[in-house]
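When we follow the working numbering, the leftmost residue of the sequence shown carries the number 510, and every step to the right adds one. For every residue, glycine included, the Cβ atom is placed at its ideal position computed from N, Cα and C. On a predicted model such as this, the values are computed, not experimentally measured, just so you know. Encoded as structure tokens, the structure appears first; notes follow it.
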Amino acid sequence: MKPEADHIEVQHILIGFYGSLPGQSLNRPQSEAEALAKQVFEQAQQGADFDALVRQYSNDAYPGRYKLANAGVATTEGEYDRRMMVTGFGDVAFQLEVGEIGMAAYDPEKSKYGWHIIKRLQ
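Next up, the structure:
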């Protein structure tokens with residue numbers, strides 16, 4: 510594994526499904542969410558406008574941008590500690606190079622809200 514940055518900024522698309530997001534009433538079954546996440550991830554990897562994909566598909570509030578400090582690193586203004594995010598999100602986000610896109614697949618323990626398609630901005 511490569512060394513991880515102390516601070517990063519990412520934008521993400523969250524694809525949730527029925528029951529995965531507290532306070533949101535999604536009717537999409539888990540299998541449909543998985544298929545959609547794979548489709549959107551493929552579009553993003555092929556160079557589609559990521560911001561437009563966020564607007565169109567994300568179940569998180571637009572613009573879906575987060576500044577993160579790595580575990581054990583002091584946060585600066587506007588940053589979240591990595592440990593405040595689901596484990597799968599941080600594991601993928603901190604392995605990405607600037608401009609690279611990755612996906613944290615749904616996992617009931619590591620990524621319980623659904624699929625996160627993540628682009629590292631800084």
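If contacts are defined as beta-carbon pairs under 8 Å, then residue i and residue j qualify, I think. What distance do you get, rounded to the angstrom?
i	j	result
residue 603	residue 620	The Cβ separation is near 14 Å, so there is no contact.
How long is the line joining the alpha carbons of residue i and residue j, rounded to whole angstroms?
i	j	result
residue 586	residue 564	25 Å
residue 512	residue 609	16 Å
residue 552	residue 618	27 Å
residue 630	residue 538	31 Å
residue 583	residue 557	34 Å
Hey, quick one: how far does the alpha helix (DSSP H) through residue i stretch, first residue to last?
i	result
residue 597	596–602
Hey, could you find the ends of the beta strand (DSSP E) residue i is sitting in?
i	result
residue 590	588–590
residue 613	610–613
Sufficient close CB pairs (3 or more, under 8 Å) joining the segment 577–595 to the segment 520–529: no
Length at least 4, wholly inside the segment 542–577: the alpha helix (DSSP H) runs in chain order: 559–566
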